[in-house]
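Chemist: Got a structure for you, written out below as structure tokens; questions coming shortly.
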Amino acid sequence: AVGRVRNELQRTQQAPQRWQYPLDASTEQARRERGRTLFALAISFVMKPQQRSHLLDSGRELGWQYGHEAALSGISLAETGRAVQFFRSQLVDTVRNSEAERIDADDLRIERLIDLFLDEVLYAVLDGYEAALGGAKPS
């Protein structure tokens, strides 16, 4: 799954997005690790209903960190949102069985849960972005 995301990023390198901003090696590694962790949290959110509250809190914290970093790096709010949407589309594409199969009730349930999780992450990204600009503190 992570490999598919990397391939998609490489494919889009011909027209890089502003949210694909360069960082020093250690910060870049931390950003990659945050992405892998967020991916794992989203999958766990779907599969472990009894842990959803904790998983959602962890996802929000990662989102806040990403938004904060993006604002401090001079990335626009729109580009930051595009990065979240790119992550969302990659995650949904990964969890689908295959393009040949019809989407069934389980697929729809999983996508709804992923949407719920990533909507909350997006709100946290916005909070982190705002906080970096001198606005609200993390909620």
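Note that the numbering used here gives residue 957 to position 3 of the sequence shown, counting from 1, and the numbers run on in steps of one. Positions of the beta carbon are idealized from the N, C-alpha and C atoms, including for glycine. Model, not experiment: these values are computed from the prediction.
(1) Can you list, in chain order, the residues of its chain with a C-beta nearer than 7 angstroms to that of Val1046? Leave out the 5 residues immediately preceding and following it.
(2) Use the C-beta contact count for Asn1062: other C-beta atoms within 10 angstroms, 16 or more gives buried, fewer gives exposed.
(3) Assign Arg1006 to one of three DSSP states: helix, strand, or coil.
(4) Work out the CA separation of Ala1059 and Ser1012 for me, nearest whole Å.
(5) Give the single residue among Ile997, Ser998, Leu1016 and Arg1006 whose Cα lies nearest to the Cα of Val1038.
(6) Kindly indicate which three-state DSSP category Val1079 falls into: helix, strand or coil?
(7) Are there 16 or more other CB atoms within 10 angstroms of the CB of Glu1023, so buried, or fewer, so exposed?
(8) Anyone know if the C-beta pair for Gly1082 and Tyr1020 falls short of 8 angstroms?
(9) Tell me the rounded alpha-carbon separation between Ala1086 and Arg1056.
(10) Quick check on the DSSP output: the alpha helix (DSSP H) that includes Gly1035 runs from which residue to which?
(11) Given a cut-off of 8 angstroms, decide if Phe999 and Ile992 are closer than it, judged by their beta-carbon atoms.
(12) Let me know if Gln1044 comes out buried or exposed under the rule of 16 or more other beta-carbons within 10 Å of its beta-carbon.
Modeler: Put simply:
(1) For Val1046, where only same-chain residues beyond five positions count, the Cβ hits under 7 angstroms are Glu1065 and Ile1068.
(2) Before going further, note that residue 1062 is Leu rather than Asn in the sequence given. Burial call: exposed.
(3) It is helical.
(4) Taking the straight line joining both Cα atoms gives about 27 angstroms.
(5) Ranking Ile997, Ser998, Leu1016 and Arg1006 by Cα distance to Val1038 puts Leu1016 first.
(6) The DSSP-derived three-state label of Val1079 is helix.
(7) Its Cβ being crowded by 16 or more others within 10 Å, Glu1023 is buried.
(8) Remark: C-beta atoms of Gly1082 and Tyr1020 approach each other more closely than 8 angstroms.
(9) In a straight line, the C-alpha of Ala1086 is about 43 angstroms away from that of Arg1056.
(10) Taken as a continuous stretch (DSSP letters only), the alpha helix (DSSP H) holding Gly1035 covers Leu1031 to Val1049.
(11) At residue 992 the sequence reads Leu, which differs from the Ile that was named. Contact: no.
(12) Answer is buried; the Cβ neighbour count reaches 16.
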